[in-house]
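K.L.:
623 is the number that the numbering used here gives to position 24 of the sequence shown; each next residue is one higher, with no gaps.
Here a beta-carbon is modelled for each residue, glycine too, at the ideal position from N, C-alpha and C.
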Amino acid sequence: MEQLQHFFQDKTVNTLLDVGTGTGNFIAVLKETFVNLQITGIDPDETSLNEAALKYPDVEFKKMSGGKLDFPDSSFDGASISMALHHLPDVQQTLMEMRRVVKPGGWIIVNELFSDNLNPAQEVQKLMHHFRSKIDRLTGVCHNETFTRSEILDLIENSGLKICAAFNNNKAPQVVATNDLAKRFSELKDMLEQIKDKPEYHQLDNHLSEIEKLLTLHGFQMATRVVVVAIVHK
């Protein structure tokens, strides 16, 4: 992300905590942005952490929830969270914990897709994502619908952070390959079968038929993401 690199080109960040790191997708961006950065990645899912560790043997990974970080106050120069706000049971709690473990004058980076001002192909992605999130919730998994751009900024500011920069990132290409679209739709059908004994099944089955029509008509493109950089004042 060139804008992120430009923002930090004259700033020193030596240690950074990546919250909700998953399989480490955002670590590549962090390595491009910062020189000689010591990264610690945390996530509650051990399987994802094991996959991340194979890709990045120089990164320290720990199984941990973002809502309760097992680090002392002011442990890091910065912290990041990417594509994970909508997976949190308490967004404010996690952001406040990130703020706690970052040094005064340090940085918080948030990368999150948002749900407004999308083109038709992105609206299809949103519908598919919200379909997944509803099934996850019905099976006991915390997975919320996506926030609007302004809601994301409000969540960050309400956590006591001062936003210094916010820019949109929309470099993901539109998915047009027929086999790729078919695979994505097949995954939704497989998810639906997880709740075939629940009363919501038939309603969601009808909804899936509507998604299939829109997917054929408009294709699929990842929703635009907002990248926010905030400073920690204590």
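In chain order, what residues of the same chain have a beta carbon less than 8 Å from the beta carbon of G759, not counting five sequence neighbours either side?
P.N.:
Position 160 of the sequence shown, counted from the first residue, corresponds to residue 759. Closer than 8 Å at the Cβ level, and outside the excluded window around G759, lie M695, R698 and H832.
K.L.:
Determine contact between the segment 706–723 and the segment 820–831, defined as no fewer than three beta-carbon pairs at a distance below 8 Å.
P.N.:
The segment 706–723 vs the segment 820–831: in contact.
K.L.:
Of the residues V618, S785, A764 and H686, which one's Cα is nearest the Cα of M663?
P.N.:
Against the sequence shown, residue 663 aligns to sequence position 64. Out of V618, S785, A764 and H686, V618 has the C-alpha closest to the C-alpha of M663.
K.L.:
Residues bridged to D617 by DSSP?
P.N.:
The residue you call residue 617 lines up with position 18 of the sequence shown. In the DSSP output, where bridge partners are listed per residue, D617 has G640 and S679.
K.L.:
Along the chain, where does the alpha helix (DSSP H) that runs through E649 open and close?
P.N.:
Position 50 of the sequence shown holds residue 649. Glu is not the amino acid found at residue 649; the sequence shown has Asn there. E645 to K654 is the span of the alpha helix (DSSP H), which, as asked, contains N649.
K.L.:
Taking the Cβ atom as the reference point for each residue, do D676 and G640 lie within a distance shorter than 7 Å?
P.N.:
As a working mapping, residue 676 is identified with position 77 in the sequence shown. As a working mapping, residue 640 is identified with position 41 in the sequence shown. Their beta carbons are not under 7 Å apart, which means D676 does not touch G640 by this criterion.
K.L.:
Report the rounded CA-to-CA distance for I755 versus Q802, giving the unit in angstroms.
P.N.:
Numbered from its first residue, the sequence shown carries residue 755 at position 156. Numbered from its first residue, the sequence shown carries residue 802 at position 203. So the alpha carbons of these two residues sit roughly 35 Å apart.
K.L.:
Alpha carbons only, please: which of E792, A781 and I794 is nearest the one belonging to E811?
P.N.:
What you label residue 811 is simply residue 212 of the sequence shown in a count that begins at 1. When only C-alpha atoms are compared, the closest one is A781.
K.L.:
Please report the Cβ distance between L737 and E799, rounded to the nearest whole angstrom; I am assuming they are in contact, meaning their Cβ atoms lie under 8 Å.
P.N.:
If you number the sequence shown from 1, residue 737 lands on position 138. If you number the sequence shown from 1, residue 799 lands on position 200. That pair is a contact at about 6 Å.
K.L.:
Pick from H806, S749, K797 and R783: whose alpha carbon is nearest that of N716?
P.N.:
Here residue 716 corresponds to residue number 117 of the sequence shown, with the count starting at 1. The option with the nearest alpha carbon to N716 is S749.
K.L.:
Exposed or buried, which one is G739 when buried takes at least 16 other CB atoms within 10 Å?
P.N.:
In the sequence shown, the residue the question calls residue 739 occupies position 140. Looking at its Cβ environment, which holds fewer than 16 other Cβ atoms inside 10 Å, G739 is exposed.
K.L.:
Less than 7 Å between the C-beta atoms of Q648 and F660, yes or no?
P.N.:
What you label residue 648 is simply residue 49 of the sequence shown in a count that begins at 1. What you label residue 660 is simply residue 61 of the sequence shown in a count that begins at 1. Here residue 648 is Leu; the residue named in the question, Gln, does not match the sequence. Taking 7 Å as the Cβ cut-off, L648 and F660 qualify as a contacting pair.
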